[in-house]
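Notes follow once the structure below has been shown.
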Amino acid sequence: MVTNRETPETSQAGGRARLLLLDGHSMAFRAFFALPVEKFGTGTGQSTNAVYGFASMLVKLLRDEEPTHVAVAWDLSGPTFRHEEYAEYKDGRSETPPEFPSQVPLTQELMRLIGVVNLSSPGYEADDVIATLARLGGEAGAEVLIASGDRDAFQLVTESCTVLYPGKSLSDLRRMDPEAVEDKYGVTPPRYRDLAALVGEKADNLPGVPGVGPKTAAKWIVKYGSLDGLIERVDEIGGKVGQNLRDHLGDVLRNQRLNRLATDVDLGVTLDDLVLGRADRAGVDALFDNLEFASNLRERLYAVLSTGEDEVRDPVDGEGFEVDLTVAGTGALAAWLTEHASVDDVTAAAPAGLAVDGVWGQGTGRVDALAVSVASGAAVFVDPSLLDAADTEALGGFLADPERPKTVHEYKGAVLALGAHGWALDGVVSDTALAAYLVQPGQRRFDLTDLCRKYLGRELDEGTSGDQLALDLGGGEGSSDRRREVAVRAMATRDLAGVLAAEVDERGGTHLLGGVELPLVSVLARMERAGIAADRVYLEELQGEFASAGRAAVERAHEIVGREFNLGSPKQLQQVLFEDLGLPRTKKIKTGYTTDADALTWLAAQTDNELPAVLLHHRDQTKLRTTVEGLIKTIADDGRIHTTFNQTVAATGRLSSTDPNLQNIPVRTDVGRRIRRAFVVGEGYEELLTADYSQIELRIMAHLSEEKALIDAFNSGYDFHAQMAAQVFGTTVEEVDGEARSRIKAMSYGLAYGLSAYGLSQQLGITPEEAKRLMEDYFAEFGGVRDYLNAVVEEARKVGYTETMLGRRRYLPDLTSDNRQRREMAERMALNAPIQGSAADIIKVAMLQVDSALTEGGFASRVLLQVHDELVVEIAPGEREAVENLVRHEMSTAYDLRVPLAVSVGGGRSWHDAAH
DNA sequence: GAACTTACGTA
DNA sequence: CGTACGTAAGTTCT
Numbered sequence: 001m002v003t004n005r006e007t008p009e010t011s012q013a014g015g016r017a018r019l020l021l022l023d024g025h026s027m028a029f030r031a032f033f034a035l036p037v038e039k040f041g042t043g044t045g046q047s048t049n050a051v052y053g054f055a056s057m058l059v060k061l062l063r064d065e066e067p068t069h070v071a072v073a074w075d076l077s078g079p080t081f082r083h084e085e086y087a088e089y090k091d092g093r094s095e096t097p098p099e100f101p102s103q104v105p106l107t108q109e110l111m112r113l114i115g116v117v118n119l120s121s122p123g124y125e126a127d128d129v130i131a132t133l134a135r136l137g138g139e140a141g142a143e144v145l146i147a148s149g150d151r152d153a154f155q156l157v158t159e160s161c162t163v164l165y166p167g168k169s170l171s172d173l174r175r176m177d178p179e180a181v182e183d184k185y186g187v188t189p190p191r192y193r194d195l196a197a198l199v200g201e202k203a204d205n206l207p208g209v210p211g212v213g214p215k216t217a218a219k220w221i222v223k224y225g226s227l228d229g230l231i232e233r234v235d236e237i238g239g240k241v242g243q244n245l246r247d248h249l250g251d252v253l254r255n256q257r258l259n260r261l262a263t264d265v266d267l268g269v270t271l272d273d274l275v276l277g278r279a280d281r282a283g284v285d286a287l288f289d290n291l292e293f294a295s296n297l298r299e300r301l302y303a304v305l306s307t308g309e310d311e312v313r314d315p316v317d318g319e320g321f322e323v324d325l326t327v328a329g330t331g332a333l334a335a336w337l338t339e340h341a342s343v344d345d346v347t348a349a350a351p352a353g354l355a356v357d358g359v360w361g362q363g364t365g366r367v368d369a370l371a372v373s374v375a376s377g378a379a380v381f382v383d384p385s386l387l388d389a390a391d392t393e394a395l396g397g398f399l400a401d402p403e404r405p406k407t408v409h410e411y412k413g414a415v416l417a418l419g420a421h422g423w424a425l426d427g428v429v430s431d432t433a434l435a436a437y438l439v440q441p442g443q444r445r446f447d448l449t450d451l452c453r454k455y456l457g458r459e460l461d462e463g464t465s466g467d468q469l470a471l472d473l474g475g476g477e478g479s480s481d482r483r484r485e486v487a488v489r490a491m492a493t494r495d496l497a498g499v500l501a502a503e504v505d506e507r508g509g510t511h512l513l514g515g516v517e518l519p520l521v522s523v524l525a526r527m528e529r530a531g532i533a534a535d536r537v538y539l540e541e542l543q544g545e546f547a548s549a550g551r552a553a554v555e556r557a558h559e560i561v562g563r564e565f566n567l568g569s570p571k572q573l574q575q576v577l578f579e580d581l582g583l584p585r586t587k588k589i590k591t592g593y594t595t596d597a598d599a600l601t602w603l604a605a606q607t608d609n610e611l612p613a614v615l616l617h618h619r620d621q622t623k624l625r626t627t628v629e630g631l632i633k634t635i636a637d638d639g640r641i642h643t644t645f646n647q648t649v650a651a652t653g654r655l656s657s658t659d660p661n662l663q664n665i666p667v668r669t670d671v672g673r674r675i676r677r678a679f680v681v682g683e684g685y686e687e688l689l690t691a692d693y694s695q696i697e698l699r700i701m702a703h704l705s706e707e708k709a710l711i712d713a714f715n716s717g718y719d720f721h722a723q724m725a726a727q728v729f730g731t732t733v734e735e736v737d738g739e740a741r742s743r744i745k746a747m748s749y750g751l752a753y754g755l756s757a758y759g760l761s762q763q764l765g766i767t768p769e770e771a772k773r774l775m776e777d778y779f780a781e782f783g784g785v786r787d788y789l790n791a792v793v794e795e796a797r798k799v800g801y802t803e804t805m806l807g808r809r810r811y812l813p814d815l816t817s818d819n820r821q822r823r824e825m826a827e828r829m830a831l832n833a834p835i836q837g838s839a840a841d842i843i844k845v846a847m848l849q850v851d852s853a854l855t856e857g858g859f860a861s862r863v864l865l866q867v868h869d870e871l872v873v874e875i876a877p878g879e880r881e882a883v884e885n886l887v888r889h890e891m892s893t894a895y896d897l898r899v900p901l902a903v904s905v906g907g908g909r910s911w912h913d914a915a916h
């Protein structure tokens, strides 16, 4: 099996070498200060914070950057050529912390064990070693990455050499490419030395010109072209700084000589010697044991070093990429599209691959670049900022043309990003992320790199090999690496679409993809773009109110206990409740005893102490306050909140909502519901309408189980739960009291989750024996439900997956696990997945129907939100009645069940008022 | 500082 | 010892 990591030589045939260089001392030193030294040490007193931090950072780099070659450069202790020239070099540095030096050899040992080369050279600094290796890498055509906390490295930055410079945190590495250096310092990387020479470097004891900071220095360099140019005309500089410059010219010239990094250090290695080697796992284990590192870091490290062999497919036989990659934006794009992407070139059997490089979220986005790749092998890279009018129009025509099929990874993102530039996207026949989700619904991430490996058996980078890539560098901005990257993404998407289509089809998911998920994307994109109007002033009032109630609770709690403590800390809470106050212990959890709401409620009943109740109140208020604060933060300039609906995270087929999550806005309590008043109808609209399915999951259970008693109960038109209770307890519906009804209601809902007698007893506050009897009585009447649930689990165990009404699968390998806990968990998932998943299917279909009906009817009303069984619609003036009828009709006819799909609807000026 | 844990909101 | 999510805050990692 060929993978990048194991046999990089092989992958380089197609992909490009990526050389990662680390400045050992500077990064280890940063690690030392990032982590508290007193918390990281062995029993024998050896400090380990720098080793741990360095390793942790390296793991992240290996994972994110996937280098093929790695080396770490180290300083040696003796004098360097810089000391020969300037004896005071690096004088006056403060003492190295005593816990640091001993960690250097440990870090070096770890590098050796994981297969990373350590390098250094007498008389030179680590920076010089890096500069030399960067030159070697560059000459060999490798992409070079330098992780260093030393700014001198900026002089090495080129289109193919990026410095990763630590920002606020160790692993927050800023990518300093030529643009970033110029953005930050106002000069190009080759001129960075000039700037540093003028400004000076305190840490190296290199004073600069007094009164000259980076701004002045950059201004001069830009004006005179370089330091040399400045010096030539040094007499022209007026004022005090001009005089300072003339007085300190000697220092400046010395600084410039000293900050030049040597690129000719004799290291005795070639690029091939830096290939990331095999890890010596036994050695790493032994070292980690010695350092008393827990298994966590070890696993993370092994995860990046592992090859994932068994998941990688055999490589698809060479398709012989003939790629003509040209840079558009010079008037050539229209011609390229005519020649390579006509309706004859781009067909249903051979859709074009489209890659959009940009960002999206909050209902909008931005395109930085895009690439199109077609079956013939031709590909084009487009920097939209460089397009002329004719090219813009041609590109817009292509993107919006339903007759020229395209495939894209993360369709919704592309729609939002392109939409923000005024481009419409149509004719999308596949989204490789969505397709992969249907194949592997349990996965939560679908990035193109992984899919490429898994389904194409190749690295993303191997879309073309270097010699076949005709890269026209003329005319465009930006690095050739970026162009190549975007282009290979388009190629990978193009190639993946077919493979994934076959996988989806094999699983019977073709309709689900083409008929439901894919068309849903544009509906979701419009929902996100529309957002929902928020009343900021009202939210701020609420925030203040919740905050002061929370503060009052804190004060009261401190008063009761007689000292201050953090009410938000479960740990301190345990101390206070169980140690200081000696209250009865609650249920055990990993870290002691739980202080969750159930436990606090129980405690409140157990004792006379007021504290549990105060804590509960505090929790409520704090939770509400943070919810409100989160919402306020996300209100966009248009006064609306634009959530993001994720279509590929929930294993059952549901949507999820993030940034902010609008699917968990409080509704159960009165106080909580007040937050819903903040979601209001927007300007130009008349009211909000909510429409939700009543008891959809139970109706699905009735349908799937074909249990006659359930079906009859739903068809009777009476209160469902009361009807069920009457049957279980052998009374008339009128005789059913609230208690009986709620027990049966809990029982019915619990079934869909795989509830046990114990769980039911907990929820109802009855004994497990009573709960067991209740379940028996229930099943005596509704045995069909039990039979159905058992059959679902057995079938799933046999075939390995469950299926929803639209054929959406969920794979549950744990159903045959020897581990009882895992197996039973999988069983509960198995019986829930078809129910929850079918409900998800149905509302997705309903959304499509509602959306089409609104469009076809010419309505201005629009769907804003989906909350699993509910749609929130913004009603345009005068459309209430018609749209209400339309929504009711489309939702209730989304799927033909053995029971009615009841929909209840309400309207009002806010989400709260629209409740029913 | 990243990753985990606890807690809690929704369907 | 009931499914599916996302977020915030605190704590741990070693």
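Residue numbers are given in UniProt numbering: position 415 of the first sequence equals residue 415, and the series is strictly consecutive.
Ideal placement from N, C-alpha and C gives every residue a C-beta, glycine not left out.
- For Y811, the uninterrupted beta strand (DSSP E) run begins and ends at 809-811, by DSSP.
- Separation of A726 and K708 (C-alpha to C-alpha, rounded to the nearest whole angstrom) is 15 Å.
- Between the segment 68-80 and the segment 119-129 there are three or more inter-stretch CB-CB distances shorter than 8 Å, so the stretches are counted as touching.
- In the three-state reduction of the DSSP assignment, D91 falls in the coil class.
- A636 is a Cβ neighbour of Q362, given a cutoff of 9 Å.
- If you compare the alpha carbons of P768, F679, V356, M825 with that of A914, the shortest gap goes to F679.
- Assignment of E706 by DSSP, reduced to helix, strand and coil, places it in the coil class.
- Look at the segment 386-430 and you find these whole runs of beta strand (DSSP E), each 3 residues long or longer: 406-408.
- Secondary structure of E879 (DSSP, three-state): coil.
- One thing to note: T690 has its Cβ within 9 Å of the Cβ of H916.
- Under DSSP, W74 forms no beta bridge with any residue.
- Under the DSSP assignment, Y778 falls outside any beta strand (DSSP E), being part of the alpha helix (DSSP H) whose first and last residues are 768-781.
- Assignment of G498 by DSSP, reduced to helix, strand and coil, places it in the helix class.
- The three-state reading of DSSP puts E564 in coil, since its state is none of H, G, I, E or B.
- For S852, the number of other beta carbons within 10 angstroms of its own is below 16, and it is reported as exposed.
- The beta carbons of P67 and L276 sit closer together than 9 Å.
- Annotated three-state conformation of L287 is helix, per DSSP.
- Boundaries of the beta strand (DSSP E) harbouring T644: 644-646, taken from the DSSP string.
- For Y52, the secondary structure class from DSSP, reduced to helix, strand or coil, is helix.
- For W911, the secondary structure class from DSSP, reduced to helix, strand or coil, is coil.
- For R507, no alpha helix (DSSP H) segment is defined, and its DSSP state is neither H nor E.
- L416 and T364 do touch by the CB rule: their CB atoms are close to 6 Å apart, below 8 Å.
- Contact between A414 and L425 is confirmed by a C-beta separation of about 6 Å, below the 8 Å threshold.
- Following the DSSP letters along the chain, one finds N244 inside the alpha helix (DSSP H) bounded by residues 239-247.
- The beta-bridge partner set that DSSP reports for R640 consists of A533.
- N296: not part of any beta strand (DSSP E); member of the alpha helix (DSSP H) spanning 295-305, first to last residue.
- Around A840, the same chain offers T652, G653, R654 as residues with beta carbons nearer than 7 Å, after the five sequence neighbours per side are excluded.
- A direct Cα-Cα distance of roughly 47 Å separates Y758 from L61.
- Counting every other CB atom within 10 Å of its CB across the protein chains shown gives S705 a total of 16 or more, marking it as buried.
- Pairing R556 with E610 gives a Cβ-Cβ distance under 9 Å.
- For P570, the enclosing alpha helix (DSSP H) begins and ends at 570-574.
- Out of G550, A552, D608, the CA that lies nearest to the CA of L577 is found in D608.
- A352 sits in a strand when the DSSP states are folded into three classes.
- Partner residues in the beta bridge of K588, as assigned by DSSP, are Y593.
- If you ignore the 5 residues before and after E85, its C-beta comes within less than 8 Å of the C-beta of R254, R257, L258, all in its own chain and listed in chain order.
- Residue environment analysis places A17 among the buried positions, since at least 16 neighbouring C-beta atoms fall within 10 angstroms of its C-beta.
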